[in-house]
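Here the structure is laid out as C-alpha cells; the discussion comes afterwards.
2 protein chains.
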Amino acid sequence: MYADYKTKMQKIADVKYASAVLQWDQETYLPPKGNDFRGQQIATLSEIAHQQFTDEKLGGLLLDLNAKDDLSAAEKRNVQLSLEDYIRNKRLSSDFVRKMSEAVNKSYHAWAQARTENSFATFQQPLHHLIQLKKQEAEMLGFEQHPYNALMNDYDKGLTVTTVDTIFNDLKPQLLVLLDDIKNKTAIDNSFLHQHFDKDNQWKFGMEILKRMGFDFEAGRQDLSIHPFTTNFSSMDVRVTTRIDENDFGNMTWSCIHEGGHALYEQGLPAEQYGLPLSEYCSLSIHESQSRIWENCIGRGLPFWQHNLKLLRTFFPVQLNNITTEQFYKGINSVAPSLIRTEADEITYHFHVMIRYEIEKLLIEGTIDTIDIPAYWNEHYQKYLGITVPDDKRGCLQDIHWSHGSFGYFATYSLGSMYAAQLYAAIERENTSLEKDIADGNNKGVQEWLKTNIYQQGRYFSSEDLCKKATGETLQSKYFIRYATKKYNHIYSQ
Amino acid sequence: MYADYKTKMQKIADVKYASAVLQWDQETYLPPKGNDFRGQQIATLSEIAHQQFTDEKLGGLLLDLNAKDDLSAAEKRNVQLSLEDYIRNKRLSSDFVRKMSEAVNKSYHAWAQARTENSFATFQQPLHHLIQLKKQEAEMLGFEQHPYNALMNDYDKGLTVTTVDTIFNDLKPQLLVLLDDIKNKTAIDNSFLHQHFDKDNQWKFGMEILKRMGFDFEAGRQDLSIHPFTTNFSSMDVRVTTRIDENDFGNMTWSCIHEGGHALYEQGLPAEQYGLPLSEYCSLSIHESQSRIWENCIGRGLPFWQHNLKLLRTFFPVQLNNITTEQFYKGINSVAPSLIRTEADEITYHFHVMIRYEIEKLLIEGTIDTIDIPAYWNEHYQKYLGITVPDDKRGCLQDIHWSHGSFGYFATYSLGSMYAAQLYAAIERENTSLEKDIADGNNKGVQEWLKTNIYQQGRYFSSEDLCKKATGETLQSKYFIRYATKKYNHIYSQ
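Next comes the structure, spelled out in C-alpha cells:
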C-alpha cells in the first residue's frame, strides 16, 4: 500500500517538475512570441498536478496509511505530511488553481512590461486581480486571526503574523542602534566594486566559486536570467541562474553565492525520497538560511576572501591588484541605506523586507489597495532608510515575487538571515578551526555540518524543531545581533 | 460542442509540448545525473497525454461531432483527423505507452554510451527489447500485408512497403547510372572545406543564415546538441539545434540550413489551430521535403552562394578569399561515397537511406535480429557504396533514430528529397526569376510559395494529395533525376 502511495506521489512530482522545467525555460531561453502558449502549458500542468493530488483515491489511501502502525518513522512522516498537504489542497478547486496560474502568467508579463516602461501603473490592475485571488485563497484555506497567516503557511508552516511581528519588533530597535552607530563612523570606500568588470570573466569566476562551494555540475547547471533564482527537477538536477552587471562586480558574485547556497540544499536532499515530502526542503525560512549562510556568514567573511581573492585577481588584475584583502573585505561589507533589496548590506536588508511584509499584510487585510503601493513604499523607504525612491523600477517594481503571486514569502528572507547566523554560530562551536579552514579553501566543515543537520533532514521537522535540533535553541535574534555587532565593530573600528 | 473538443485537444497539446520541452532540454542542457528522473518525467507526461487522448468521453465527442453537418470544412477535417488518431491510439494501452517511453529512454542512453565506447554491443540488447515492443505495437495497431506498414503509417499516413519498394526500385538503377557516370569524371577538389573554421565564427554565420532564410528568432532559437534536430512547442516557439566541427565547415552549415527548413515549416503552420490537427505538419516526408528543398535545391545551389559567399568570407577570409564562387559551388557538391548519412552528397544519400530501410523491414518482419545489424550494415555499405565501414560509430551507431524507437521513419528521408525536387520545379515554373532573385538575396518567392502551398495547409491533405495540389502530379522520380542530372552535368562538365 505504501508502494502504491509512493508511485502516485512520484507521478505527481513528475508533473510538477515538468512544470518547473517549463518555468525555468520561460525565464532563461523562451523566445518572446512563445510566451502565451507557454502560459497555457504551465497552467495545464498545474491543473493536472492539482487534480491528481486532490483525487479522492489518494485521499483514501493516505487515510488508510495514516492509520497503519507498521510503517517506519520516515514512512509515517511522509504519509502524515502528504495528508496535511492533501487536506490543504482539497480546499482549492482545480478551476481556482488554473485561474491563479493564468493570473500569475499575466501579472508576470505585466510586471516585466512595467519594468521596461518604469511605471507601476502597467502592473497595478493585474496585481490587483491577483490579490483578489490571494484573498479568496486565504478564505478557502482557512486561518485563525489573520488571513495573511494562511498565505505565510505555504512558505513556513505555522508561521503567523503574531510571531513575525514579535520578531520584527524585537529586531528593529537593535538594528537601528547598530545602524545609528555606523552612521557616525567614516564611510568605507567601496568604489573598487564599481569599475568595469568584463562579463565573460565574471561568468567564469562565478562558475569557479560555485565549484569551490561544492556545487555538483554533474547534477546541475547555471544560466543567465533577469532575476536570479534556483529551481530543481530532482535533487539530481538543480539549476541556478545569475545576472551580470559589468559596472558592479558584487551584483553577480553574491547573487551567485546566494543561489549556490540554495542549490547545495537542493542537491543535498535525499534523492531516494523523490516525490515524497522527505525529499523536500523544510521551509522557505530554512531555505533562505542556506543561501544567506553562504552569501553572508561565509561569502562576505574575511576567511573566504583570504582564500578566494587570489582567484578573483587572476580575472581582474588591473581592477584589484592594488586592493588588499582587508580593504576588499571592508569594501564588500560597507553599510549604507540603498534602494535595491538584493544589493543591500546585511543590516539595512531587514528594513527592505519589513516594508514589503507590511505592505502585503495591509493588502491582504484590505487596509490598502494596489494603487496605494508606490506611495506607501516610497514613504517607508524615507522613514526607515532615509532615502528617496527615484522611480518605480528601483522602488516597488524591483522584486519579482508579487508578479508570481508569492504573497507571504518576504518575512522568510529576514528569518532566513537570522537562522543563518544562529546555524553559523553552532557550526563554529562544533568546528573550532572553521574559519582557519575556510581561509585555507577547505569548506568541508560547513558542507558536512549542513548536510547532516539540514539537507538530509528533508521536511521531517518544522523550521522551529529543525533549528532546535541543530542548534539547541529555537530562533533567537541574539545570534544575528551578536554576529553583526562583532562584524561591523571590526569593519568600522577606525 | 466543437469548442469543448478544441479545449480538450489544446490541453492534450499542452502536455505533449511540455514533454517536448523536457526532451529538448534533455538533449541541450540537462546535467548527466538528472537523466534518470528526466526519463521518468517524460514517461509520465506521455502516459497522461495518452490517457487524455484515449478518454472515452473524447471518443464520444468525436463521434458526435463527426456526425454533424454544420461544421466548416476546416472543422470537419480537424474532427475527422482527430477521430482517426483517436482510433489508432485506442489500440495502444497506457501501460504499453509507458513501457515504450521507458524503453526508449534506456535505449537512448545505451546508444549514447555505445557511441562513446564505439561498440554496437552496448546498444544491442536495449535495441532488441525496443524492437520487440515495436513488433507488438505493429500487431496492436493492425496492418495489411506487412507489419512495417503499421509503423511507417505513423510518419506518412498510408505509406506501404509496396509503395516504397516500387519507388526505390525505380530510383536505384537511375541513381547508379548517375553515380557511375560521375565515377569516370575527375574528382572535385573540396579540400577547402576541411581547413580550421573557428567555432564561434561558424556559430555566428549559421545564425545569420537562419535569419536570411526567414527564421523568426522572436518565435524560436538555436542551441547546440550532439545530433541536430528541430522541435516545437507551438508555431510561436520553434527550436533548432546544430553541432559544430571546427575541421569541417560543411557539417554545421548544411545541417543548420536543413533544420532551418524544418523550422520554417513549423513557424508557418497556422497558430490559431493550436492543439488541433490543422496546426500540424502533413507528414514526415513532406517535413523532410521542406528541409531538403532548403538544404539542397537552394542551399547547395549556385545562386544561393552567389549571394551568401560574401558573408561567409567575412568570417573566414584566410580560408576562403582565394576560392571562387564556382569552385565553392563545385566543392560543396562533389559526389563521393562516404560513411555518414548526414554528410552524404545528394546522390549517395539515397543508398544510406535504402540500407537502413531494408534493415528495419527485416528486423520488424523477424528475418534478422539486432545482433546481425553490424554485419548486414557493413556488407551493404560495401555492396552499394563500395566502402569499408571502419567502426560502429561511423557505421550502424551513427543515427539517433533507432535509439528513439523511430522505426518506419527512414524512407521519408529519400521521399523528402524527391518531393523537394518536385516542389522546387513547381516553384521555378511559377517564378521565372527565382534563381536570379535568390542570387540577389531575395528569398521571398520561395518563402511565399511554400507558405501558401505547404505551411498553411497544415495536415489538411495527405502527402500525395498535397503534392498533387501543389505541383499538379503525385510524387514522380523524374523530377529528382532531372534536377540531379542537370546539376551534376554542370558540376562534372570538365
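Keeping their order, the protein sequence lines are chains X and F. Going letter by letter, the first sequence gives residues 80 to 573 in the numbering used here. Going letter by letter, the second sequence gives residues 80 to 573 in the numbering used here. Each residue gets a CB set at the ideal place from its N, CA and C atoms; glycine is no exception.
{"Asked": "Is ALA504 (chain X) near the ligand NAD, going by C-beta to nearest heavy atom under 7 angstroms?", "Found": "This structure lacks the ligand NAD; in fact it carries no ligand of any kind."}
{"Asked": "Where does GLN301 (chain F) fall in DSSP's three states?", "Found": "strand"}
{"Asked": "Between ILE127 (chain F) and chain X, is any beta-carbon pair separated by less than 8 angstroms?", "Found": "yes"}
{"Asked": "Chain F beta carbons: is any one of them nearer than 8 angstroms to that of THR201 (chain X)?", "Found": "no"}
{"Asked": "Report the neighbours of SER313 (chain X) on chain F: residues whose CB is nearer than 7 angstroms to its CB, in chain order.", "Found": "GLY113 and PHE116"}
{"Asked": "Can you list the residues of chain B that THR309 (chain X) reaches, using a CB-CB cut of under 9 angstroms?", "Found": "In the structure shown, chain B cannot be found, because the protein chains are X and F."}
{"Asked": "Quick one: which chain F residues come within Cβ less than 7 angstroms of THR123 (chain X)?", "Found": "LYS90, ASP93 and VAL94"}
{"Asked": "Looking only at C-alpha atoms, which of F:VAL317, F:ARG538 and F:LEU257 sits nearest to ALA563 (chain F)?", "Found": "F:LEU257"}
{"Asked": "Looking at the C-beta of VAL100 (chain X), does it have a partner C-beta in chain F at a distance below 8 angstroms?", "Found": "yes"}
{"Asked": "Can you check whether the C-beta of LEU343 (chain X) is within less than 8 angstroms of a C-beta belonging to chain F?", "Found": "no"}
{"Asked": "By Cβ distance, which residues of its chain are closer than 7 angstroms to LYS236 (chain X), with the 5 residues on each side in sequence left out?", "Found": "SER362 and SER541"}
{"Asked": "In the DSSP output, which residue or residues are listed as bridge partners for ASN311 (chain X)?", "Found": "X:VAL317"}
{"Asked": "Kindly indicate which three-state DSSP category ASP164 (chain X) falls into: helix, strand or coil?", "Found": "helix"}
{"Asked": "Please say whether GLU351 (chain F) and PHE308 (chain F) have beta carbons closer to each other than 8 angstroms?", "Found": "no"}
{"Asked": "Quick one, which of F:LYS85, F:LYS87, F:GLN89 and F:LEU124 has its alpha-carbon nearest GLN102 (chain F)'s?", "Found": "F:LEU124"}
{"Asked": "Under the rule that 16 or more other beta-carbon atoms within 10 Å means buried, what is ILE419 (chain F), buried or exposed?", "Found": "exposed"}
{"Asked": "What residues from the region 287–307 of chain X come within 8 angstroms of chain F, judged by C-beta to C-beta, listed N to C?", "Found": "ASP295, PHE296, GLU297, ALA298, GLY299, ARG300 and ASP302"}
{"Asked": "Please confirm if the region 365–381 of chain F is in contact with the region 547–560 of chain F, defined as three or more CB-CB distances below 8 angstroms between the two stretches.", "Found": "no"}
{"Asked": "If I'm right that TYR187 (chain F) touches HIS483 (chain F) with Cβ under 8 angstroms, what's the distance once you round it to whole angstroms?", "Found": "6 angstroms"}
{"Asked": "Taking only three categories from DSSP, how would you classify ASP327 (chain X)?", "Found": "strand"}
{"Asked": "Can you pull the chain X neighbours of LYS97 (chain F), defined as C-beta to C-beta under 9 angstroms?", "Found": "Checking the sequence shown, residue 97 (chain F) turns out to be Ala, not Lys. Chain X residues near ALA97 (chain F): VAL94, ALA97, SER98, VAL100, LEU101, GLN120, ILE121, THR123 and LEU124."}
{"Asked": "If you draw a straight line from the C-alpha of ASP164 (chain X) to the C-alpha of ASP470 (chain X), how long is it?", "Found": "41 angstroms"}
{"Asked": "Touch check for the region 511–521 of chain F and the region 344–359 of chain F: three-plus C-beta pairs under 8 angstroms?", "Found": "no"}
{"Asked": "So that I know if they touch, is there some Cβ in chain F lying closer than 8 angstroms to that of ASP83 (chain X)?", "Found": "no"}
{"Asked": "How big is the Cα-Cα spacing for PHE199 (chain F) and THR467 (chain F)?", "Found": "17 angstroms"}
{"Asked": "I need the straight-line Cα distance from PRO111 (chain F) to ALA193 (chain F), nearest angstrom please.", "Found": "16 angstroms"}
{"Asked": "Between ILE443 (chain X) and PHE486 (chain X), is the Cβ-Cβ spacing less than 8 angstroms?", "Found": "yes"}
{"Asked": "Using a Cβ cut-off of 8 angstroms (strictly closer), state whether LEU355 (chain X) contacts chain F.", "Found": "no"}
{"Asked": "Does the beta-carbon distance from LEU220 (chain F) to ARG170 (chain F) come in below 8 angstroms?", "Found": "yes"}
{"Asked": "Can you tell me the Cα-Cα spacing of LYS213 (chain X) and ALA182 (chain X), whole angstroms?", "Found": "11 angstroms"}
{"Asked": "By the 10 Å Cβ neighbour count, where 16 or more other Cβ atoms means buried, how is ASN401 (chain F) classified, buried or exposed?", "Found": "exposed"}
{"Asked": "Restricting to Cα atoms, I'd like to know which of X:ALA191, X:TRP481, X:ILE570 and X:HIS306 is closest to GLN211 (chain X).", "Found": "X:TRP481"}
{"Asked": "Does PRO382 (chain X) come out as helix, strand or coil in the three-state DSSP assignment?", "Found": "helix"}
{"Asked": "Can the beta-carbon of ASN145 (chain F) be found less than 8 angstroms from the beta-carbon of VAL158 (chain F)?", "Found": "yes"}
{"Asked": "Label ILE615 (chain X) either buried or exposed according to how many other C-beta atoms from any shown protein chain fall within 10 Å of its C-beta, with 16 as the threshold for buried.", "Found": "In this structure chain X extends from 80 to 573, so residue 615 (chain X) is not present and cannot be described."}
{"Asked": "If the cut is a Cβ gap below 8 angstroms, which residues of chain X does ASP104 (chain F) touch?", "Found": "VAL100 and ASP104"}
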